[in-house]
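Worksheet for the structure shown next.
Residue numbers (my numbering): 14 to 152.
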């Protein structure tokens with residue numbers, strides 16, 4: 014699973030670098046949503062390393078990620094790269110949450126791998142928005 018998550022993140026970043034000329038305009042709502050949700054997700058992942066599972070936290074995070082995806086997807090074709098990123102983040106979160114619910118407490122190594130994967134995926138999405146800021150400033 015870890016190799017898949019890292020491969021997806023690397024491929025997504027490479028694709029976005031190649032598409033830098035056709036990115037949508039910077040959206041401060043997207044940037045704020047991404048930077049706000051990152052510590053929240055990482056805090057929830059920290060709980061995955063403990064015995065109890067915060068099912069309400071998982072449900073709430075799924076809803077927020079789904080809302081973020083719908084917002085990005087609704088912006089149209091020029092924003093496709095961010096919508097794809099949000100779908101990948103949502104899918105990764107769902108895989109990790111289902112794994113935790115099904116298989117119980119994560120080992121330290123598995124916890125670190127999954128936490129790093131979701132953090133990297135969010136960092137790529139944040140960097141994409143930062144690239145949009147730079148492009149808007151150059152217009």
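No residue lacks a Cβ here, since even glycine has one placed at the ideal position from N, Cα and C.
Cβ-Cβ distance between residue 139 and residue 109 below 8 angstroms: no
Please state whether the Cβ-Cβ distance between residue 64 and residue 121 is less than 8 angstroms. no
Boundaries of the alpha helix (DSSP H) in which residue 57 is found, first to last residue: 41-61
Which of the three DSSP states, helix, strand or coil, is assigned to residue 34? Only weak support is given to the placement of residue 34: the predicted model assigns it a pLDDT of 47, under 50, and the question is left unresolved by the model.
Indicate the three-state DSSP secondary structure (helix, strand or coil) for residue 147 in the structure shown. helix
Taking CB distances under 8 angstroms as the criterion, tell me whether residue 98 reaches chain B. The displayed structure is made up of one protein chain only, and chain B is not part of it.
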